[in-house]
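Undergrad: Note that the working numbering gives residue 89 to position 87 of the sequence shown, counting from 1, and the numbers run on in steps of one. We put the beta carbon where it would ideally sit given N, CA and C, even for glycine. In this text, all values refer to a predicted model and were calculated from it rather than measured experimentally. One structure, pasted below without further comment.
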Amino acid sequence: MPLIEVDLLNPTAASEAKAHKMKRLVPTPNSYFLEIKCPKCGATTTTFSHAHRQILCQKCGQPLGQPTGGKLKLTQQCKFRIKKKKVFVSSNSLFIKP
């Protein structure tokens with residue numbers, strides 16, 4: 003019987019990133035929220051990374067992203083940043099806000 007060369011209790015960050023979202027040590031989703039900046043007017047729009055509809059600028063109506071089958075495909079001129087999750091701990095439970 004061969005020995006396992008991988009530490010299952012302390013996986014590396016690279017192996018956790020490669021693993022399926024439900025087979026990680028702590029299951030976490032692959033999706034996130036984005037803030038997209040419009041190249042035309044400079045307004046920011048918050049959207050989901052796996053959106054199913056076309057994303058338009060709220061002010062000028064310019065298309066910012068197209069849905070594929072999974073992640074959103076942004077237009078070439080758009081700048082974006084990933085929003086960080088905020089974790090709030092109360093006496094009764096744990097709240098996670100995007």
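Under 9 Å, Cβ to Cβ, is there at least one residue of chain D near glycine 67?
TA: The structure shown contains no chain D; it holds only a single protein chain.
Undergrad: Smallest Cα separation from leucine 76: which of Thr14, Thr48 and Ala15?
TA: To locate residue 76, count along the sequence shown from 1; it is residue 74. It is Thr48.
Undergrad: Glutamate 37 by DSSP, collapsed to three states: which one?
TA: Here the question's residue 37 lines up with position 35 in the sequence shown. It is a strand residue.
Undergrad: By DSSP, does lysine 81 sit in helix, in strand, or in coil?
TA: Counting from one through the sequence shown, the residue named residue 81 turns up at place 79. Here lysine 81 sits in strand by DSSP.
Undergrad: By the DSSP assignment, the alpha helix (DSSP H) with lysine 20 in it spans what residues?
TA: Here residue 20 is taken as the residue at index 18 of the sequence shown, counted from 1. 15-20 is the extent of the alpha helix (DSSP H) around lysine 20.
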